[in-house]
Every structure is written in C-alpha cells, then in structure tokens.
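In my numbering, the protein residues as written are 315 to 788.
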C-alpha cells in the first residue's frame, strides 16, 4: 500500500449495524421454529413428503452436488481460511475461521441435545448416496457451516456477487437431504444456526464499512484531473455514503462523497425490518441506485448555488465501476453547528437567511439539522442536498423549518433560535411549521432526538407564544 495510506483507518474500519441484530433474531427464530416439531421417534407427514421429493431426484446430479456439498464440511473452514490469507484478506480469514468453527461446534452440541436420528433411523425408504452419515441428525452441521461461512463472507464481497454465496449454501443444505443424510427440518435448523452465529459475530466485531479502497478513489480522482497528496476519511455523519477528505497537490482540499450498494442502510433485511416496524422515514430507499442519488444531489446542490445559497461548489459527479456514485465538492473550512458548543445570534440569523433564500427558490433541503450546517468564516453554509426537493410544496418547506427549529433548539435552547427565525422568516412561516408538531415527516436523526426529548416541541411553542416580533417584511 502506498505510504500516504499507511496510517489510514479506512482499511481497518468496521462498523456495527442494526441489520445484524435483525439477522441474529431471524436466525434464532428460524432455529427455534424448526426445533418445535422435532421428536426422536417420529417424523411428520409434511416433512416426510419434502424429504421423499428431494431424496428421489435422479442420481445423474450426484457428482456436481457432492462437490458443492463439501463447502459445508468442517475441513472446508481451514481450507477457506488459508485461501483468504494467501489472497491477503486477513479480516476475511478471521471471520471465516471463527464463524465456521463456532457453527460446527454448536451444531454438535445441538445434535446431542435433541437426539434425533438420521433419516435411515426414522423412515422405511431412504436412498443413501455416498458413505452413510453417522451420529444424530438435528441440526445439519454441513448446512450450519455453509450458511455461517456465507454470512461471514457476504460483507467482504460486492453486493452484486453475494447471491452466489447463498446459492451455494442452499445447494449444500439441499444436498444433505438428497444424499439421505438429513431430514428437511435438520437443514432448516442448521441454516438458522449458521445465520445466527454469523450475524452475532458481525454484530460483535463489526463488518466492513463498504468504503472502496483508497487507491481506487485516488485513481478515479486522478482521471478527473485531481492530483491527490493525502486521502483520509471525513469524520461526518453518514448513513448511506462514505465521506472522504482529499488534499490535492495544488494545496486545495476536496470533500468526496461515495454512495455504494454496500452501505449497510441499503441492506434488504434491514429495510424490510424497518418497513415491518413502521420505522421508515421519508429519506429511506428513495433512490433506485447510487447513480440516481448522486445525479439528484448534484443537480439540487447546483440549483441551490445558482439561487444564491451558500453551499460548496460541485466540482465532479461520476459513476464508478461496480455502481458506486462519486460526488466531489470544494472543501469548506469550519465546524458543523452540531459540533459547536455555542453559536452567535448573528450566525443564527445568517442561517435563517440561507434557509429563506433556499425556500424562495422552491427548494426544500430535506435534512436541515446541525450536522448539515457548516459555520465558516463567511457565515453558515448549507451542505448535503441528498434528500432535497425541487418545486417543493408548502408542507415540505414547513417541515424544513420545523426540523431546523428542533435540531438547533436541542443544542442551543429555543429562545434565540425562535427569535431569529421569527425575525427572518416571519411569524406566519414559523407558526405554520410549529403547527405540524408530531405529524411532521422528519429525518431519522431528528426523529431519534425527539424520541429522547419530546418536550422540545412544547418548549418551542411556549417560546413562540411569549416572543413578540416586528411586522413581517415583504
């Protein structure tokens, strides 16, 4: 690795994500449900029918099925670990070794605990292919190992290739029924076990962030005409993107935003859970692809800049190989309002001036929180137009104002925030925003803060009621 990346945490960084909590729950529930009908002396009619269907498949497919089935054997774990080490993927090797071994060991314990025989000990007609399996049947150790390995390896692969892992793991599970080694519920239970173990390990030590390699980012920027002297992560909140801070050879600096399919919030299981739990926000799964998100943000940032809003200049917008979208902005020196311990009245007034300019252009920001306001030498800058709306209706504009009132009041108290908003926006616009109260669609960050401090809305209304303002300007 080039020297300028030697101390970069980008390759080492892992994150814990709520999607793995959901995975653990799905795995445990699957294992529990599969175990409920298990009896040491009988098999249900439905399970027998499913076994006969798969076990009765022609012998012509035995050879290729047997090859794939070895991916679930315990010896596959050290083989894959060594292969990962040869390829220089030490983190992958660690994940495969721990998850594969743990899945196999726990599977052995469950076999003894449930004491369910193999199919030959419970059914009259069983076609056994290859050497006959010995020991107990529930759960399928091969399936547990294969699914565990797939769960551990998935974050290390681009999302478009991960389906291959699940196809192989599924074939391993079905092959155990096909060769007469396991009954269907053995395989379902093994899949639940491997999935839970892999997710628990990911939850414990974290998973790769989905950031592309630094050298890949530099190569892309070099093609765009930027010479990179140093590249490092930008320490800003980011749920569906990977932010970087680039120092260029000419002494200037660039903020880079990469939007990739590997970002955890795009995970299908996570999005499904949020939908079931009714925790979806107006920000979630709005764009079909990273490319469409980058196109949208670049267009809205340019529109805001043209309208007179103080926002960083867009200097590049590209789609990289693999579907990753890249946005590059001129770097703005300063500190976000979220990170500032205090803010002056002039800065608050200047912030509302920027909001007023944005809204008069018919643009709703969609995330007016402290983290998206940079206090620079020239005054406040509005950043991150990823969820902005052109031709916004009154509701979106009012939700913008309400979000800003809440976010800033949580940090600086409502008095100055409300007073400056009234002076700049006028009482009618502030009152319409406050009227939405708990019904407003806000960003996930503000929604979480409101959940912890619901009294802020009452405080805002109380401060507004006690604050007098001059007549609204035209």
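Just so you know, even glycine gets a beta-carbon here, dropped at the ideal spot from N, CA and C.
From a predicted model like this one, the values you see are computed outputs, not experimental measurements.
| Check | Outcome |
| --- | --- |
| So within the stretch 601-673, which uninterrupted alpha helix (DSSP H) runs reach at least 4 residues, ignoring any that extend past its ends? | 604-620 |
| Going by beta carbon distance, what residues of the same chain come within less than 6 Å of residue 756, once the five residues before and after it are set aside? | 717 |
| Between the Cα of residue 660 and those of 644, 629, 693, spot the shortest distance and give me the residue it belongs to. | 693 |
| Could you have a look at residue 566 and say whether DSSP puts it in helix, strand or coil? | coil |
| Straight-line CA distance for residue 358 to residue 752? | 51 Å |
| Going by beta carbon distance, what residues of the same chain come within less than 7 Å of residue 510, once the five residues before and after it are set aside? | 338, 341, 342, 345 |
| State buried or exposed for residue 400, treating a residue as buried only when at least 16 other CB atoms are found within 10 Å of its CB. | exposed |
| Identify which residue in 482, 631, 698 has its Cα closest to the Cα of residue 537. | 631 |
| For residue 548, collect the residues of the same chain with a Cβ closer than 7 Å to its Cβ; drop the 5 residues on either side in sequence, then sort them by chain order. | 557, 558, 559, 569 |
| Among the candidates 778, 714, 426, whose CA atom is the shortest distance from the CA of residue 701? | 714 |
| Is the beta carbon of residue 348 less than 8 Å from the beta carbon of residue 503? | yes |
| Once you ignore the five residues that flank residue 392 on each side, which residues in its own chain have a CB closer than 8 Å to its CB? | 411 |
| Quick check for students: name the residue ranges of the beta strand (DSSP E) that lie wholly in the stretch 468-532, counting only runs of 3 or more. | none |
| Enumerate, from N- to C-terminal direction, the unbroken alpha helix (DSSP H) stretches of 4 or more residues contained entirely within the stretch 665-745. | 708-726, 728-739 |
| Let's test the definition: count the other Cβ atoms within 10 Å of the Cβ of residue 649 and tell me whether it reaches 16, buried, or not, exposed. | exposed |
| Looking at C-alpha atoms only, which residue of 447, 424, 430 is the closest neighbour of residue 506? | 424 |
| Between which two residues does the alpha helix (DSSP H) containing residue 404 stretch? | 404-428 |
| If you follow the beta strand (DSSP E) that residue 378 is part of, which residue opens it and which one closes it? | Counting along the chain, residue 378 falls outside any beta strand (DSSP E), though it belongs to the alpha helix (DSSP H) covering 376-383. |
| If you draw a straight line from the C-alpha of residue 747 to the C-alpha of residue 711, how long is it? | 8 Å |
| Out of 485, 422, 492, state which residue places its alpha-carbon closest to the alpha-carbon of residue 444. | 492 |
| Does the distance from the C-beta atom of residue 612 to that of residue 628 stay below 8 Å? | yes |
| For the beta strand (DSSP E) containing residue 543, list its first residue and its last residue. | 542-547 |
| Taking all protein chains shown into account, do 16 or more other C-beta atoms lie within 10 angstroms of the C-beta of residue 531, making it buried, or fewer, making it exposed? | buried |
| If you reduce the DSSP assignment to three classes, tell me which class residue 387 lands in. | coil |
| CB-CB under 8 Å to residue 773, same chain, minus the five flanking residues each way: which ones, in chain order? | 723, 728 |
| Taking buried to mean at least 16 other C-beta atoms within 10 Å of its own C-beta, is residue 351 buried or exposed? | exposed |
| Which residue comes first and which comes last in the alpha helix (DSSP H) that contains residue 758? | 758-766 |
| Could you tell me which of 625, 620, 634, 626 sits nearest to residue 606, measuring between CA atoms? | 634 |
| Could you give the residue range of the alpha helix (DSSP H) that holds residue 446? | Careful: residue 446 lies outside any alpha helix (DSSP H) and carries neither H nor E. |
| Is it the case that the stretch 402-420 contacts the stretch 478-490, given that we only count it when at least three CB pairs across the two stretches are under 8 Å? | no |
| Could you compute how far the alpha carbon of residue 638 sits from the alpha carbon of residue 610? | 14 Å |
| Residue 340 lies in the alpha helix (DSSP H); which residues open and close that run? | 332-349 |
| Please state the DSSP three-state secondary structure of residue 392. | helix |
| Which one of 541, 475, 500 has the shortest CA to CA distance from residue 451? | 500 |
| With the cut-off set at 8 Å, would you say residue 738 and residue 778 are in Cβ contact? | no |
| Can you tell me whether residue 666 is buried or exposed, with buried defined as 16 or more other CB within 10 angstroms of its CB? | buried |
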